[in-house]
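Peer 1: Mind the numbering: the sequence shown is residues 1 to 672 in full-length UniProt numbering, read in order. Here a beta-carbon is modelled for each residue, glycine too, at the ideal position from N, C-alpha and C. No experiment lies behind these values; they were computed from the predicted model shown.
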Amino acid sequence: MDRERRTVPDGIQQHQQQHQATTKRYQTLLPAVEASPITRSLATDPNRKLPPKRKLVLVACTRCRQKKEKCDGERPSCGRCIAKTADCQYEVDDAKVSRTSALKRKCDTLQDENERLRELFGLLRQKSKPEAHDILSRIRNSEDPLAVWRSIKDAELLLPWAPSAPGSRDPRLEKIDAEALADSLVKVKAQPWTALAGDGTVSDLVSSFLAWDNTFHFSFIDKDCFLGDMTRGDPEKARYCSPFLVNAMCAFRCYTSARAKAYSAILGEDLTARFASEAKRLLALERGRGSLPTAQGLMLLFMTTVFDGSDRMGMMYRLMSSEMLKQLYLEAKLAAIESDPLKKDEKRALSKALWGHFIFENMLAYTYLQPSLRSLPRISRSWLELGQDSHKCALSKTTRVWEEEVSSELASAPPVVAGALEAATEVAKLLYETMKYNSTYGIIPGSVEDLKVRRGLYVEVSDMTDSMPAHLRSKNKFTPQTCFLSVLLNEVAISILRPLPGDTTFRHGSDSVRDLFIHHCGDTVDLLDRYVSRWPLVEYTYTVVCCTNNVALALVPVLDDSRTHDMFARACQIIEASARDFPISTYVLQGIQALAWAMKVKIPQAAAPYLEGTSDTFGEGELRDLPVALRIPYLDAAGNVAPREGGGSDVAAHGAELGVLLARWSALSIAE
Numbered sequence: 001m002d003r004e005r006r007t008v009p010d011g012i013q014q015h016q017q018q019h020q021a022t023t024k025r026y027q028t029l030l031p032a033v034e035a036s037p038i039t040r041s042l043a044t045d046p047n048r049k050l051p052p053k054r055k056l057v058l059v060a061c062t063r064c065r066q067k068k069e070k071c072d073g074e075r076p077s078c079g080r081c082i083a084k085t086a087d088c089q090y091e092v093d094d095a096k097v098s099r100t101s102a103l104k105r106k107c108d109t110l111q112d113e114n115e116r117l118r119e120l121f122g123l124l125r126q127k128s129k130p131e132a133h134d135i136l137s138r139i140r141n142s143e144d145p146l147a148v149w150r151s152i153k154d155a156e157l158l159l160p161w162a163p164s165a166p167g168s169r170d171p172r173l174e175k176i177d178a179e180a181l182a183d184s185l186v187k188v189k190a191q192p193w194t195a196l197a198g199d200g201t202v203s204d205l206v207s208s209f210l211a212w213d214n215t216f217h218f219s220f221i222d223k224d225c226f227l228g229d230m231t232r233g234d235p236e237k238a239r240y241c242s243p244f245l246v247n248a249m250c251a252f253r254c255y256t257s258a259r260a261k262a263y264s265a266i267l268g269e270d271l272t273a274r275f276a277s278e279a280k281r282l283l284a285l286e287r288g289r290g291s292l293p294t295a296q297g298l299m300l301l302f303m304t305t306v307f308d309g310s311d312r313m314g315m316m317y318r319l320m321s322s323e324m325l326k327q328l329y330l331e332a333k334l335a336a337i338e339s340d341p342l343k344k345d346e347k348r349a350l351s352k353a354l355w356g357h358f359i360f361e362n363m364l365a366y367t368y369l370q371p372s373l374r375s376l377p378r379i380s381r382s383w384l385e386l387g388q389d390s391h392k393c394a395l396s397k398t399t400r401v402w403e404e405e406v407s408s409e410l411a412s413a414p415p416v417v418a419g420a421l422e423a424a425t426e427v428a429k430l431l432y433e434t435m436k437y438n439s440t441y442g443i444i445p446g447s448v449e450d451l452k453v454r455r456g457l458y459v460e461v462s463d464m465t466d467s468m469p470a471h472l473r474s475k476n477k478f479t480p481q482t483c484f485l486s487v488l489l490n491e492v493a494i495s496i497l498r499p500l501p502g503d504t505t506f507r508h509g510s511d512s513v514r515d516l517f518i519h520h521c522g523d524t525v526d527l528l529d530r531y532v533s534r535w536p537l538v539e540y541t542y543t544v545v546c547c548t549n550n551v552a553l554a555l556v557p558v559l560d561d562s563r564t565h566d567m568f569a570r571a572c573q574i575i576e577a578s579a580r581d582f583p584i585s586t587y588v589l590q591g592i593q594a595l596a597w598a599m600k601v602k603i604p605q606a607a608a609p610y611l612e613g614t615s616d617t618f619g620e621g622e623l624r625d626l627p628v629a630l631r632i633p634y635l636d637a638a639g640n641v642a643p644r645e646g647g648g649s650d651v652a653a654h655g656a657e658l659g660v661l662l663a664r665w666s667a668l669s670i671a672e
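Right, dumping it as structure tokens:
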């Protein structure tokens with residue numbers, strides 16, 4: 001056997017060993033045991049006691065939820081918390097409400113509260129200034145701002161004449177609208193351009209802008225092309241009108257419109273704010289698409305921020321407008337149609353857009369003590385006044401006899417002088433050169449080289465004044481255009497003289513800088529004083545206020561000279577009278593006092609009545625955070641008195657923001 005075993009091949013033996021090892025690993029299966037039958041079902045056993053059902057708890061207490069323990073939901077304390085002698089708290093007060101439902105209910109409550117607070121904020125923005133101050137005072141005296149909201153809503157429900165929507169047919173609004181339409185020089189349909197007011201109110205505002213603003217500083221809109229598009233009433237095909245431009249124009253003119261203020265009082269909302277908000281909404285919908293009406297509307301929207309004293313924030317509209325005009329390549333478009341006799345209206349519209357914007361930008365450059373954002377146009381001015389009043393809705397009543405008595409109603413619009421706009425471009429060119437020179441870094445005011453340049457610029461001002469045609473001289477025929485033309489010439493002269501030491505001999509061997517400076521300031525005040533005497537501040541352009549602000553601030557450093565006292569007082573009187581329409585005027589009056597305080601100059605007694613009370617108009621907090629970018633000369637960026645000699649003109653030319661000056665004045669006054 002051993003021999004036989006030895007003869008078994010190694011491979012077979014190996015296989016047998018593996019099979020035996022595998023067989024040992026598995027257990028032998030045995031036959032199944034027969035199960036005993038169940039004689040009775042447990043489910044139907046009447047003696048069986050089922051466990052009690054678990055009590056459903058909608059909300060567990062905070063401790064049980066954190067410990068992940070079962071909570072019985074008993075109130076005010078659950079069983080586990082009592083057993084553990086622990087503080088028991090529930091996130092939901094009602095035991096019958098689930099946590100999810102409670103959170104949803106809380107979310108709905110907070111959302112409703114948020115909407116009411118937003119509506120309260122909207123009321124503060126939209127109401128007139130006295131109403132807004134009243135609402136703010138009530139909020140400060142109440143612990144619950146929603147209680148103030150409810151009281152305002154209850155008051156509106158008790159006013160039977162207060163319309164709930166702009167389209168409400170209030171008889172008083174209909175009367176204002178009908179009177180406005182009858183007196184309007186142009187009659188246009190409000191829709192589809194705006195739905196915030198009726199045809200009469202919109203016609204009145206558009207007429208007012210074209211009569212008082214569009215003839216000089218805001219001449220960048222061609223009225224014939226604008227009215228042609230507006231009359232056709234098709235925004236999709238319009239090239240010179242748009243809903244955004246119309247709403248911005250209406251917001252711009254609402255500030256001085258008596259009818260717009262009456263409309264606001266009946267409506268219960270500030271019509272100016274409504275038009276401005278609608279313009280901003282429409283601007284957002286355009287998503288940056290460039291067009292001529294958009295660029296023009298941006299400038300008017302910027303001016304509304306100037307009126308409110310928030311131009312630091314509104315400066316973006318000005319920059320957007322300037323950049324958009326560059327991207328429109330208007331000069332190239334005008335050059336392409338120069339020889340086309342059928343493009344007369346388009347040539348005039350493009351020419352006015354370019355030159356009118358240049359005039360406007362230089363006015364701002366003088367006000368903000370900086371170079372113009374627009375360079376000198378390289379196109380002819382021959383189309384500026386070509387074919388005016390050709391449209392059937394044009395301002396045909398504006399050409400009147402010079403000596404005719406002018407009433408304050410818009411139906412008696414001021415006369416228009418041929419050639420005034422072209423003359424304004426010449427003066428704007430000279431102002432452009434002067435402001436550009438004043439901003440040159442490193443020049444020393446009063447040095448030999450500096451005096452040579454400034455005397456040359458001043459000679460150009462004198463020559464331009466002497467060569468002005470007789471019908472464009474304000475002394476011969478006084479109109480808004482001739483008045484502002486003379487004021488603009490004076491502003492060029494003031495910008496030339498302002499950086500120089502006052503005792504510098506400047507002309508003819510005897511005239512000092514101070515003498516010439518006071519002469520031009522006095523002439524400006526005389527012109528503006530005559531303007532407001534001829535055309536009362538009812539329907540008027542902001543230009544008269546802007547020019548008065550500029551000259552009043554320019555006079556502060558020379559108030560030690562008795563020759564300036566009367567002219568300064570008259571300027572302050574005009575500013576004070578305009579403060580009812582323009583909040584910026586109140587800021588300027590405060591700025592005058594702050595500048596006099598900073599320069600240690602005494603305010604003349606004659607001007608004191610017009611400055612009294614302005615310090616209490618705004619609180620200390622408002623003065624410390626004033627968004628006014630209007631610049632004050634003679635100061636550095638921090639609001640300190642700038643050196644007048646040898647310090648470089650960049651300091652004297654740029655000045656400080658009015659907001660910065662008032663903040664510094666407020667802070668130091670409190671410290672003292």
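(1) Which residues in the same chain as A579 place their Cβ atom closer than 6 Å to its Cβ, once the five residues preceding and following it in sequence are excluded?
(2) Below 8 Å, how does it come out for the stretch 241-256 and the stretch 365-378: are there three or more Cβ pairs, yes or no?
(3) With a CB to CB cut of under 6 Å and the five nearest residues on each side skipped, what residues in its chain are close to D311?
(4) Per DSSP, which one or two residues make a beta bridge with R631?
(5) Return yes when at least one heavy atom of the ligand PLP lies under 7 Å from the C-beta of I337, else no.
(6) Between F226 and F506, what straight-line distance do the alpha-carbon atoms span, to the nearest angstrom?
(7) Do the stretch 273-291 and the stretch 235-250 make contact, defined as three or more Cβ pairs closer than 8 Å?
(8) M316: buried (16+ other C-beta within 10 angstroms of its C-beta) or exposed?
(9) With a CB to CB cut of under 7 Å and the five nearest residues on each side skipped, what residues in its chain are close to Q573?
(10) Give the C-beta separation of E491 and L431 to the nearest angstrom, bearing in mind that I take them to be a contact with Cβ-Cβ under 8 Å.
(11) As a quick exercise: from S439, K352, T85, pick the residue whose alpha carbon is nearest that of A420.
(12) Check for me: the alpha helix (DSSP H) holding F302 runs from which residue to which?
(13) What does the Cβ neighbour count give for T434, buried or exposed, with the cut at 16 atoms within 10 Å?
(14) Kindly confirm or deny that the stretch 264-272 and the stretch 216-233 touch, where touching means at least three C-beta pairs closer than 8 Å.
(15) Find the nearest neighbour of S462 within the set K333, Y437, I494, judged by alpha-carbon distance.
(16) If contact is defined by three or more beta carbon pairs under 8 Å, each pair taking one atom from either stretch, is the stretch 523-533 in contact with the stretch 452-471?
(17) Where does R473 sit, in a helix, a strand or coil, going by DSSP?
(18) List the residues that DSSP assigns as beta-bridge partners of V641.
(19) Determine the DSSP secondary structure at D199, reduced to helix, strand or coil.
(20) Measuring only the C-alpha atoms, how far is K280 from F244?
(21) Give me the residue from F275, M324, K333, A554 with the minimum Cα distance to R287.
(22) For L196 versus F307, is the C-beta spacing smaller than 8 Å?
(23) With a threshold of 7 Å on Cβ separation, who are the neighbours of C71 within its own chain once the five nearest residues in sequence on each side are excluded?
(24) Roughly how many angstroms separate the alpha carbons of D87 and N114, rounded to a whole number?
(25) I need the boundaries of the alpha helix (DSSP H) containing R570, first residue and last residue.
(26) Which runs of the alpha helix (DSSP H) spanning at least 4 residues fall entirely within the stretch 179-261, listed in chain order?
(27) Going by other Cβ atoms of all chains shown within 10 Å of its Cβ, with 16 needed for buried, is H520 buried or exposed?
(28) When the Cα atoms are used, what is the spatial distance from P536 to E460?
(29) So, P604 versus L559, is the Cβ gap smaller than 8 Å?
(30) Whole angstroms is fine: what's the gap from A411's alpha carbon to L185's?
(31) Let's test the definition: count the other Cβ atoms within 10 Å of the Cβ of L124 and tell me whether it reaches 16, buried, or not, exposed.
(32) Select from D340, M313, H357 the residue whose C-alpha is nearest the C-alpha of K326.
(33) Of the residues C107, Q89, A428, E69, which one's Cα is nearest the Cα of R75?
(34) Which residue comes first and which comes last in the alpha helix (DSSP H) that contains T465?
(35) Start and end of the beta strand (DSSP E) containing R507?
Peer 2: In short, the structure shows the following:
(1) Numbered from its first residue, the sequence shown carries residue 579 at position 579. The answer, listed in chain order, is S585, T586.
(2) The answer is no - the stretch 365-378 does not touch the stretch 241-256, with fewer than three Cβ pairs under 8 Å.
(3) Taking the first residue of the sequence shown as position 1, residue 311 is located at position 311. In its chain, beyond the 5 residues on either side, T305, A629 have a beta carbon closer than 6 Å to the beta carbon of D311.
(4) As a working mapping, residue 631 is identified with position 631 in the sequence shown. Under DSSP, R631 forms a beta bridge with E657.
(5) Ligands displayed in this structure: none; no statement on the ligand PLP is therefore possible.
(6) Reading the sequence shown from its first residue, position 226 is the one you call residue 226. Reading the sequence shown from its first residue, position 506 is the one you call residue 506. Rounded to the nearest whole angstrom, the CA to CA distance from F226 to F506 is 47 Å.
(7) Cβ pair count under 8 Å is three or more, so yes.
(8) Locating residue 316 in the sequence shown gives position 316, where the first residue counts as 1. Residue burial is scored here from C-beta neighbours: M316 has fewer than 16 other C-beta atoms within 10 angstroms and is therefore classed as exposed.
(9) Your numbering for residue 573 matches position 573 in the sequence shown. The residues are Y610.
(10) Taking the first residue of the sequence shown as position 1, residue 491 is located at position 491. Taking the first residue of the sequence shown as position 1, residue 431 is located at position 431. The Cβ separation is near 7 Å, so the contact holds.
(11) Within the sequence shown, numbered from 1, the residue matching residue 420 stands at position 420. Of the candidates S439, K352, T85, the one whose C-alpha sits nearest the C-alpha of A420 is K352.
(12) What you label residue 302 is simply residue 302 of the sequence shown in a count that begins at 1. Where F302 is concerned, the enclosing alpha helix (DSSP H) stretches over 292-308.
(13) Residue numbering aside, residue 434 sits at position 434 when the sequence shown is read from its first letter. Burial is judged here by how many other beta carbons sit within 10 angstroms of a residue's own beta carbon; T434 has at least 16 and is buried.
(14) The stretch 264-272 vs the stretch 216-233: no contact.
(15) The residue you call residue 462 lines up with position 462 of the sequence shown. The candidate whose alpha carbon is nearest that of S462 is I494.
(16) Under the Cβ criterion (8 Å, minimum of three pairs), the stretch 452-471 does not count as touching the stretch 523-533.
(17) Counting from one through the sequence shown, the residue named residue 473 turns up at place 473. Of the three classes helix, strand and coil, the one that applies to R473 here is coil, per DSSP.
(18) By one-based count along the sequence shown, residue 641 stands at place 641. V641 is bridged to L635.
(19) Taking the first residue of the sequence shown as 1, we reach residue 199 at position 199. In the structure shown, D199 sits in a helix (DSSP, three-state: H, G or I).
(20) Against the sequence shown, residue 280 aligns to sequence position 280. Against the sequence shown, residue 244 aligns to sequence position 244. If you take the alpha carbons of K280 and F244, they lie about 8 Å apart.
(21) Translated into positions along the sequence shown, residue 287 becomes position 287. For R287, the closest alpha carbon among the candidates F275, M324, K333, A554 is that of M324.
(22) Position 196 of the sequence shown, counting from 1, holds the residue named residue 196. Position 307 of the sequence shown, counting from 1, holds the residue named residue 307. No, these two residues do not count as a Cβ contact at 8 Å.
(23) Counted from its first residue, the sequence shown places residue 71 at position 71. The residues are V57, A60, C61, C64, C78, R80.
(24) For the purposes of this step, residue 87 is taken as residue 87 along the sequence shown, with counting starting at 1. For the purposes of this step, residue 114 is taken as residue 114 along the sequence shown, with counting starting at 1. Here the C-alpha atom of D87 lies approximately 34 Å from the C-alpha atom of N114.
(25) In the sequence shown, the residue the question calls residue 570 occupies position 570. That run of the alpha helix (DSSP H) goes 565-578.
(26) Fully enclosed alpha helix (DSSP H) runs of 4 or longer: 199-212, 223-232, 243-254.
(27) As a position in the sequence shown, residue 520 is number 520, starting the count at 1. Around the beta carbon of H520, a 10 Å sphere encloses 16 or more other beta carbons of the protein chains shown; the residue is thus reported as buried.
(28) The sequence position of residue 536 within the sequence shown is 536, counting from 1. The sequence position of residue 460 within the sequence shown is 460, counting from 1. So the two alpha carbons sit approximately 34 Å from each other.
(29) Counting from one through the sequence shown, the residue named residue 604 turns up at place 604. Counting from one through the sequence shown, the residue named residue 559 turns up at place 559. Between P604 and L559, the gap from beta carbon to beta carbon is short of 8 Å.
(30) The sequence position of residue 411 within the sequence shown is 411, counting from 1. The sequence position of residue 185 within the sequence shown is 185, counting from 1. No answer about A411 holds up, because its pLDDT of 41 lies below 50 and its placement is not dependable.
(31) Here residue 124 refers to the residue found at position 124 when the sequence shown is read from its first residue. Classification for L124: exposed.
(32) The residue given as residue 326 occupies position 326 in the sequence shown. Ranking D340, M313, H357 by CA distance to the CA of K326 puts H357 first.
(33) Walking along the sequence shown from the start, residue 75 turns up at place 75. It is Q89.
(34) As a working note, residue 465 is residue 465 in the sequence shown. Run containing T465: 448-466, per the alpha helix (DSSP H) assignment.
(35) Translated into positions along the sequence shown, residue 507 becomes position 507. Boundaries of the beta strand (DSSP E) harbouring R507: 505-507, taken from the DSSP string.
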